[in-house]
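Residue numbers (full-length UniProt numbering): 1 to 115.
Below is the structure:
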């Protein structure tokens with residue numbers, strides 16, 4: 001399980017996808033806001049490369065890899081539902097059957113107590 005999880009993270013979980021999804025969420029949330037941003041006085045512009053320059057090794061590699069160089073060519077990702085409809089139906093029916101079974105056990109217990 002750990003090996004499969006590590007392979008998934010290395011293969012499919014790219015920072016580009018994470019950033020695209022975060023941008024999608026922030027963009028939709030921003031549509032709800034009425035705040036108008038302004039640039040404060042006496043600020044210093046800072047580029048993202050300046051943050052990565054003092055880092056070394058894997059930290060620098062990660063920072064450069066995760067740096068956003070421009071807008072994505074693709075739309076935001078869509079997250080599939082956690083279950084297929086059939087498997088969700090199976091889970092719900094098992095839950096209902098389990099609940100009925102427990103209710104029958106309770107009824108049987110209370111009936112035996114009244115004797």
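Idealized CB from N, CA, C, for every residue including glycine.
Note that the coordinates shown come from a computational prediction; the quantities given were computed from them, not determined experimentally.
- [ ] Taking residue 68 and residue 19 to be in contact with their CB atoms under 8 Å, please state how far apart those CB atoms are, rounded to whole angstroms.
- [x] Your numbering for residue 68 matches position 68 in the chain shown. Your numbering for residue 19 matches position 19 in the chain shown. Confirmed, Cβ separation roughly 6 Å.
TODO: Assuming residue 66 contacts residue 15 (C-beta within less than 8 Å), just tell me the rounded distance between them.
DONE: Here the question's residue 66 lines up with position 66 in the chain shown. Here the question's residue 15 lines up with position 15 in the chain shown. Residue 66 to residue 15, Cβ: 4 Å. Contact.
Open item on the list: For residue 28, tell me which candidate among 38, 103, 76 and 64 has the shortest Cα-Cα distance.
Closed with: Residue 28 sits at position 28 when you count from the first residue of the chain shown. Per the Cα distances, 76.
- [ ] Look at the alpha carbon of residue 1 and the alpha carbon of residue 26, and state the distance between them as a whole number of angstroms.
- [x] The residue given as residue 1 occupies position 1 in the chain shown. The residue given as residue 26 occupies position 26 in the chain shown. Roughly 33 Å between the two C-alpha positions.
Open item on the list: Suppose the cutoff is 8 Å on Cβ atoms and the five residues either side in sequence are ignored; what does the same chain contact list for residue 4 look like?
Closed with: Here the question's residue 4 lines up with position 4 in the chain shown. Closer than 8 Å at the Cβ level, and outside the excluded window around residue 4, lies no residue.
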